[in-house]
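Novice: Below is a structure I'd like to ask you about.
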């Protein structure tokens, strides 16, 4: 009922605040229902009061107190305790340091399975998926389960090749054939391996009511379907701001969102949060391209927003130039304040302006940059919010400006409309709805029509370990196990 009231009566600005607050609580590990480890500072089980403080929760005495409570708890309380502990461990990259000692292992001697679960989660958060894998395998030997199999699969994705991941998941589904998370993980592994028809076959084996429920609850699905259909038919270029919902950025709203990304980009690992994953992949792929294509002199980031990866790249490649472009002046001011280097600059511009004959500022700017050498225009999670015709014309304008390279990191996910995977050659339209306000574009077609050829291609799934709980609209968070982003580099023919 609360979700329905929120969706019906909350303004977009209020909804944005709700979503941002929920994300903060989730990151802090305070969102799960029931038992809270921090806060409160104490809790009661029957007549027993257990003191817990944020400072001591993960210390030796803290673990003893928590395990003492666990022995007295009901089955429901035990589940809530483990869920809350998992969230705390994922939020702390150093929690493994204490857990891996023989002394703490002895504290957990009556809870061996829980110990290996917690240790595996702690290792994963710290960026040690290999060690996490060993812990989860020990857990599976003691207490086999669907969730443990999923954790093993998440680790294997990081440390093994795709074939071994697929083989493991196929075997796991023999033990848990009704597991939606395992089925979705297998389908996505097959899709990333280029086995699209096999991936869709696995999707069809998942209980139909799972996906029908997702479709019924997915935010803005029907409205987005109509919007994309109309934009394609009319070749609309400019997307009205009201269509972006709480994804629209204004001078007033930029700082809160920028600071959220800055926090995750700098304080979290890619194994803890999806935003950190975005930062890692952006930095890694651009670095790969710069190493392989030595003629690239300038990286122009279209929709730069929070420029942590750009700044790190600028320090790593002092002989290259890095240019961040975003529409809002506030974004430029924040980046100017945070990142200073001789080879990085930020500009309050809209790169899409180059498609218009009577707008010269961006064209002249790019012409000056081209005098320094070849340019790669890069965009990440930007064109997913832009209409197809605007993206097509942008690429054609880049070709006209003799921009040699275009690189991207964008959604190539499981459309909540179609509930099946498509590669570029089988997409039913130039763009299809993803969900909320996002679209999935046929980048291959757009780039080839503009005169580019794809020279690098890679699919990336999310790196986060656990997908517990539901989103604001009631959809299980594990649906993201089916989603990907695609990294492409295209070269002008």
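Numbering (this note's numbering), first residue to last: 765 to 1257.
Beta carbons are placed, not taken as given, at the ideal position from N, Cα and C, and that holds for glycine.
1. If I measure Cβ to Cβ from residue 792 and keep anything under 8 Å in the same chain, skipping five residues before and after, which residues do I get?
2. With burial defined as no fewer than 16 other Cβ atoms inside 10 Å of the residue's Cβ, what is the status of residue 1197: buried or exposed?
3. Could you give the C-beta distance for residue 1118 and residue 1127, rounded to a whole number, given that I count them as a contact under 8 Å?
4. Which residue wins for smallest C-alpha separation from residue 966, given the options 979, 846, 974 and 950?
5. So what does residue 907 bridge to, in DSSP terms?
6. Can you tell me which of 1177, 1214, 1217 and 1046 puts its alpha carbon nearest to the alpha carbon of residue 953?
7. Between residue 1231 and residue 889, what straight-line distance do the alpha-carbon atoms span, to the nearest angstrom?
8. Using 8 Å as the Cβ pair cut-off and three pairs as the minimum, do the stretch 1063-1079 and the stretch 1103-1113 touch?
9. State the Cα-Cα distance for the pair residue 1214 and residue 1163, rounded to the nearest angstrom.
10. Give me the residue from 1014, 1016 and 1042 with the minimum Cα distance to residue 1027.
11. Apart from the five residues on each side of it in sequence, which residues of its chain come closer than 8 Å, Cβ to Cβ, to residue 900?
12. Which residue's Cα is closest to the Cα of residue 1101: 1019, 1060, 1113 and 1152?
13. Using C-beta distances below 8 Å, list every residue in its chain close to residue 1257, excluding the 5 sequence neighbours before and after it, in chain order.
14. For residue 933, which residues in the same chain have their Cβ closer than 7 Å to its Cβ, ignoring the five residues on either side in sequence?
15. Taking C-alpha atoms, which residue in 1140, 823 and 1017 lies nearest to residue 852?
16. Compare the beta carbon distance of residue 1025 and residue 1070 with 9 Å and say whether it is the shorter of the two.
17. Taking one C-beta from the stretch 996-1013 and one from the stretch 1188-1206 each time, how about it: are there three or more such pairs within less than 8 Å?
18. Per DSSP, residue 1254 forms a beta bridge with which residues?
19. CA-CA distance, residue 1000 and residue 1179?
20. Which residue or residues does DSSP assign as beta-bridge partners of residue 1197?
21. With DSSP as the reference, please indicate the residues paired to residue 1143 in a beta bridge.
22. Compute the Euclidean distance between the alpha carbons of residue 777 and residue 1094, then round it to the nearest angstrom.
23. Among all the DSSP beta bridges, which residues are the ones paired with residue 1060?
24. Can you look up residue 1052 in the DSSP assignment and give me helix, strand or coil?
25. Tell me the DSSP secondary structure of residue 816 in three-state form.
26. Taking one C-beta from the stretch 1180-1189 and one from the stretch 978-989 each time, how about it: are there three or more such pairs within less than 8 Å?
27. If you drop the 5 nearest sequence neighbours on each side, which residues of the same chain put their C-beta closer than 8 Å to that of residue 1059?
28. DSSP on residue 1109, reduced to helix/strand/coil?
29. Along the chain, where does the beta strand (DSSP E) containing residue 826 start, and where does it finish?
30. I'd like the span of the alpha helix (DSSP H) that includes residue 966, first residue to last.
31. By how many angstroms is the C-alpha of residue 910 removed from the C-alpha of residue 847?
32. Please report the distance separating the alpha-carbon of residue 1234 from that of residue 982.
33. With distances taken from CA atoms, which of 1186, 944, 1210 and 1225 is nearest residue 973?
34. Measuring straight from C-alpha to C-alpha, what distance separates residue 1226 and residue 1175?
35. Kindly indicate the opening and closing residues of the alpha helix (DSSP H) around residue 1089.
36. Just the Cα atoms here: how many angstroms apart are residue 1172 and residue 940?
Specialist: Checking against the coordinates, here is how it stands:
1. Any answer about residue 792 is weak, because its pLDDT of 45 lies below 50 and its placement is not dependable; what the coordinates show is given next. Only 855 meet the Cβ criterion.
2. With 16 or more other CB atoms across the displayed protein chains lying within 10 angstroms of its CB, residue 1197 is buried.
3. Indeed they touch by this definition, with Cβ atoms about 5 Å apart.
4. Of the listed residues, the one whose Cα sits closest to residue 966 is 950.
5. Residue pairing by DSSP places residue 907 in no beta bridge whatsoever.
6. When only C-alpha atoms are compared, the closest one is 1177.
7. The alpha-carbon atoms of residue 1231 and residue 889 are separated by roughly 14 Å.
8. By the Cβ criterion, the stretch 1063-1079 is in contact with the stretch 1103-1113, since at least three pairs of Cβ atoms, one from each stretch, lie closer than 8 Å.
9. Between the alpha carbons of residue 1214 and residue 1163 lies a gap of roughly 7 Å.
10. Selected option, being the one with the closest Cα: 1042.
11. Shown here for residue 900: same chain residues with a beta carbon closer than 8 Å to its own, the five before and five after excluded, namely 880, 881, 884, 912, 915, 916 and 919 in chain order.
12. It is 1019.
13. For residue 1257, the CB contacts under 8 Å within the same chain, skipping 5 residues up- and downstream, are 1215, 1216 and 1217 in chain order.
14. Taken in chain order, the residues that qualify are 917, 946, 949, 950 and 953.
15. The residue among 1140, 823 and 1017 with its C-alpha nearest the C-alpha of residue 852 is 823.
16. Contact annotation: residue 1025 and residue 1070 have beta-carbon atoms nearer than 9 Å.
17. Yes, the stretch 996-1013 is in contact with the stretch 1188-1206.
18. Answer is 1170 and 1218, bridged to residue 1254.
19. So the alpha carbons of these two residues sit roughly 22 Å apart.
20. DSSP, once it has assigned bridges, lists 1203 as partnering residue 1197.
21. Answer by DSSP bridge pairing, in chain order: 1172.
22. Low confidence applies here, because residue 777 scores a pLDDT of 49, under 50, leaving its location unreliable; read the following figure in that light. Near 18 Å, if we compare the C-alpha coordinates of residue 1094 and residue 777.
23. Residue pairing of residue 1060 in beta bridges, as defined by DSSP: 1138.
24. Of the three classes helix, strand and coil, the one that applies to residue 1052 here is helix, per DSSP.
25. Bear in mind that a pLDDT of 46 at residue 816, under 50, signals an unreliable position, so the number given afterwards is only what the model happens to contain. The DSSP-derived three-state label of residue 816 is coil.
26. These segments touch.
27. Excluding positions up to five away in sequence, the list reads 1137, 1138 and 1168.
28. Secondary structure of residue 1109 (DSSP, three-state): strand.
29. Segment 824-836 is the alpha helix (DSSP H) holding residue 826; no beta strand (DSSP E) there.
30. In this chain, the alpha helix (DSSP H) harbouring residue 966 covers 960-969.
31. For residue 847 and residue 910, the distance between alpha carbons rounds to 15 Å.
32. C-alpha separation (whole angstroms): 11 Å.
33. The alpha carbon of residue 973 has as its nearest neighbour, out of 1186, 944, 1210 and 1225, the alpha carbon of 944.
34. Whole-angstrom Cα-Cα distance: 11 Å.
35. Per DSSP, residue 1089 lies in no alpha helix (DSSP H) segment; the continuous beta strand (DSSP E) that holds it begins and ends at 1085-1090.
36. If I take the Cα positions, the gap works out to 37 Å.
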